[in-house]
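Heads up: the sequence lines are chains A and B, in that order. Numbers given in the working numbering equal positions in the first sequence, counted from 1, plus 58. Numbers given in the working numbering equal positions in the second sequence, counted from 1, plus 58.
2 protein chains.
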Amino acid sequence: MSDRARHIPEATVARLPVYLRSLAELVDEKIPTVSSERLAEMAGVNAAKVRKDLSYLGSYGTRGVGYDVEYLLFQMSRELGLTHDWPVAIVGAGNLGSALANYGGFTQRGFPVAALFDSDKAKVGKRIHGVEVHHTDDIAPLAEELGVGIGVIATPASAAQDAADKLVQAGVGSILNFAPTVISVPDGVSLRKVDLALELQILSFYQEHRDVGS
Amino acid sequence: MSDRARHIPEATVARLPVYLRSLAELVDEKIPTVSSERLAEMAGVNAAKVRKDLSYLGSYGTRGVGYDVEYLLFQMSRELGLTHDWPVAIVGAGNLGSALANYGGFTQRGFPVAALFDSDKAKVGKRIHGVEVHHTDDIAPLAEELGVGIGVIATPASAAQDAADKLVQAGVGSILNFAPTVISVPDGVSLRKVDLALELQILSFYQEHRDVGS
DNA sequence: GCTCGCTTGTGAACTTGCGCACTAGCGTTC
DNA sequence: GAACGCTAGTGCGCAAGTTCACAAGCGAGC
Numbered sequence: 059m060s061d062r063a064r065h066i067p068e069a070t071v072a073r074l075p076v077y078l079r080s081l082a083e084l085v086d087e088k089i090p091t092v093s094s095e096r097l098a099e100m101a102g103v104n105a106a107k108v109r110k111d112l113s114y115l116g117s118y119g120t121r122g123v124g125y126d127v128e129y130l131l132f133q134m135s136r137e138l139g140l141t142h143d144w145p146v147a148i149v150g151a152g153n154l155g156s157a158l159a160n161y162g163g164f165t166q167r168g169f170p171v172a173a174l175f176d177s178d179k180a181k182v183g184k185r186i187h188g189v190e191v192h193h194t195d196d197i198a199p200l201a202e203e204l205g206v207g208i209g210v211i212a213t214p215a216s217a218a219q220d221a222a223d224k225l226v227q228a229g230v231g232s233i234l235n236f237a238p239t240v241i242s243v244p245d246g247v248s249l250r251k252v253d254l255a256l257e258l259q260i261l262s263f264y265q266e267h268r269d270v271g272s
Numbered sequence: 059m060s061d062r063a064r065h066i067p068e069a070t071v072a073r074l075p076v077y078l079r080s081l082a083e084l085v086d087e088k089i090p091t092v093s094s095e096r097l098a099e100m101a102g103v104n105a106a107k108v109r110k111d112l113s114y115l116g117s118y119g120t121r122g123v124g125y126d127v128e129y130l131l132f133q134m135s136r137e138l139g140l141t142h143d144w145p146v147a148i149v150g151a152g153n154l155g156s157a158l159a160n161y162g163g164f165t166q167r168g169f170p171v172a173a174l175f176d177s178d179k180a181k182v183g184k185r186i187h188g189v190e191v192h193h194t195d196d197i198a199p200l201a202e203e204l205g206v207g208i209g210v211i212a213t214p215a216s217a218a219q220d221a222a223d224k225l226v227q228a229g230v231g232s233i234l235n236f237a238p239t240v241i242s243v244p245d246g247v248s249l250r251k252v253d254l255a256l257e258l259q260i261l262s263f264y265q266e267h268r269d270v271g272s
């Protein structure tokens, strides 16, 4: 119970932010306690799954009553590492990179854009949403100096692996990849991807194979 | 073998587009055949997994040789339903919706933007990237008329469920949700989500819990 | 035409994740 | 203060997915 080293399953980790958002909504509505059933409904999952997921964080519920919304919110924020900011570096200052830098919700949610990088020297020196664009050759020294832990890759596919390598070299431990390609990182570096075309193609499959029976 | 109704596991379906992209690269490089090992390396997965995944499509490989790149590419495109276009409707003509409509790669990959919808009457009638913005009240008749099978939700969280309901009512069978909220759809409708904040929070967790041991 | 190397296809063990169903235990009511 | 209703926490069987390891079988070379 007291050891912080409990291993939390990946599937659970991926759901925690969903619970977090639900809890934030409940706080807004000034609802003091919530049952696993209610939370499950809000998060679109099974109630038993909610209880099991939350039990990995500790025993924060009260039997017969439910979970204290604010307390659980705090504990979950702490577990997710959201009690402090995570400066991010964005590699690629094209359409997507600029859009991400301009998107205010980034900073607002505790992920301020600390630096922007591009390999195009014509873009270096410009400012996007108040953040200066640096050359990709300077990723390592700058990202390290700014304490960047999370890197975002918004380059074309062809430049993505190089960007990832440079981010890793800069000591970045987590990468979010928007480039439509597979990139590889050393063990110990977390990697997640967001790929629009891929999502649409998956939906295309299910659309193509819709139940012909009904 | 011959029955097309084989059930393909979800996890496999999600990987098919990755293989597809790898195959497209191989075609560009004029490489005629590929082994499961090579394909696995390109897709960033295990070779046995590649073979099992591909076996769900049929026996398209040749022992001792590998897979014929072009033939496999064709079969996979067919299975994914990518041999024809899938007109999509985008709900929400704000920052994200506009960006998506402007993003050419959409049409280019066989997912032309057939219609744009917004609940703001001031936006109705305007054209974005050549596509007229309609009112969300007209989703049902228009989407049906245009043969839209896939809907994209790019609204604020508060409007997302309503958008989903209207898309479903219009007969849309697949939805890609960009709104940072959980939405529910009836059985038989496919739903996938892309959530930036969620991805960053997941990375934040792993960043916060990085191995203190090494 | 036989042998040998190579690669697919797949049975089977194993791992992870899910969800039921039950127990533990808090708070309230009488 | 005893009994009851309600909800968290969890053990366990089941399902899905992954990986290993091997048999099947193609093609090249002699």
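We treat Cβ as the ideally placed atom computed from N, Cα and C, and that holds for glycine.
For a test of the three-state rule: what should DSSP assign to residue 119/B, helix, strand or coil?
strand
Residues of chain A with CB closer than 7 Å to the CB of residue 169/B, please, in chain order.
258
Apart from the five residues just before and just after residue 125/B, which ones in its own chain have a Cβ nearer than 8 Å to its Cβ?
91, 92, 93, 94, 97, 112, 118, 119
Output the boundary residues of the beta strand (DSSP E) element that contains residue 235/A.
First-last of the beta strand (DSSP E) with residue 235/A: 232-235.
By how many angstroms is the C-alpha of residue 233/A removed from the C-alpha of residue 251/A?
8 Å
Where does residue 125/B sit, in a helix, a strand or coil, going by DSSP?
In the structure shown, the three-state DSSP call for residue 125/B is strand.
Would you report the Cα separation of residue 83/B and residue 215/A, rounded to the nearest angstrom?
12 Å
What is the DSSP secondary structure of residue 175/B, reduced to helix, strand or coil?
strand
Is the shortest distance between the beta-carbon of residue 266/B and the beta-carbons of chain A less than 8 Å?
yes
Would you list the residues sitting across from residue 91/A in a DSSP beta bridge?
126/A
Using the C-alpha atoms, what's the distance from residue 219/B back to residue 212/B?
11 Å
So, helix, strand or coil for residue 206/A, using DSSP?
coil
In whole angstroms, what is the alpha-carbon distance linking residue 225/A and residue 194/A?
Spanning the two alpha carbons is a distance of roughly 10 Å.
Kindly indicate which three-state DSSP category residue 274/B falls into: helix, strand or coil?
There is no way to answer for residue 274/B, as the model of chain B reaches only from 59 to 272.
Chain-order list of residues whose beta-carbon lies under 8 Å from that of residue 185/A (same chain, five-residue window excluded):
So the qualifying residues of the chain are 191.
Which bits of chain B does residue 255/A rub up against, with CB to CB less than 9 Å?
75, 79, 163, 164, 167, 169
Identify which residue in 78/B, 257/B, 264/B, 246/B has its Cα closest to the Cα of residue 240/A.
Here the closest residue by C-alpha is 78/B.
Within 8 Å, strictly: CB atoms of residue 173/A and residue 201/A
yes
Beta carbon proximity, residue 240/B to chain A, threshold 8 Å
Cβ-Cβ to chain A under 8 Å: yes for residue 240/B.
Please confirm whether residue 143/A and residue 168/A have their CB atoms less than 8 Å apart.
For residue 143/A and residue 168/A, yes; Cβs fall inside 8 Å.
Does the segment 131-138 of chain B touch the segment 259-269 of chain A, meaning 3 or more C-beta pairs lie closer than 8 Å?
In short, these stretches touch, since the Cβ pair count reaches three.
Would you decide whether residue 203/B is buried or exposed? Buried here means 16 or more other CB atoms lie within 10 Å of its CB.
exposed
Could you give the distance in angstroms between the alpha-carbon of residue 122/B and the alpha-carbon of residue 258/A?
34 Å
Residue 148/B beta carbon less than 8 Å from that of residue 159/B
yes
Residue 197/B to residue 228/B, Cα distance in whole Å?
Cα-Cα distance, rounded: 7 Å.
When you compare the CB of residue 101/A with every CB in chain B, is at least one pair closer than 8 Å?
yes
Starting from residue 184/A, trace the alpha helix (DSSP H) both ways and give me its first and last residue.
Looking at the DSSP string, residue 184/A is not in any alpha helix (DSSP H), and its letter there is neither H nor E.
Look up residue 211/A in the DSSP assignment and say whether it is helix, strand or coil.
strand
Cβ of residue 216/B less than 8 Å from any chain A Cβ?
no
Closer than 8 Å to chain A by CB, residue 148/B:
no
Are the CB atoms of residue 180/B and residue 163/A within a distance shorter than 8 Å?
no
Can you name the residues of chain B whose CB is closer than 8 Å to the CB of residue 250/A?
257, 260, 261
Apart from the five residues just before and just after residue 61/A, which ones in its own chain have a Cβ nearer than 7 Å to its Cβ?
Low confidence applies here, because residue 61/A scores a pLDDT of 42, under 50, leaving its location unreliable; read the following figure in that light. Excluding residues within five positions, none has a Cβ falling inside 7 Å.
Since residue 148/B sits in a beta bridge, which residues does DSSP pair it with?
Listed as beta-bridge partners of residue 148/B by DSSP are 174/B, 210/B.
Would you verify that the beta carbon of residue 72/A is, or is not, closer than 8 Å to some beta carbon of chain B?
So, interface residue.
Cβ neighbour criterion (16 or more within 10 Å) applied to residue 242/A:
exposed
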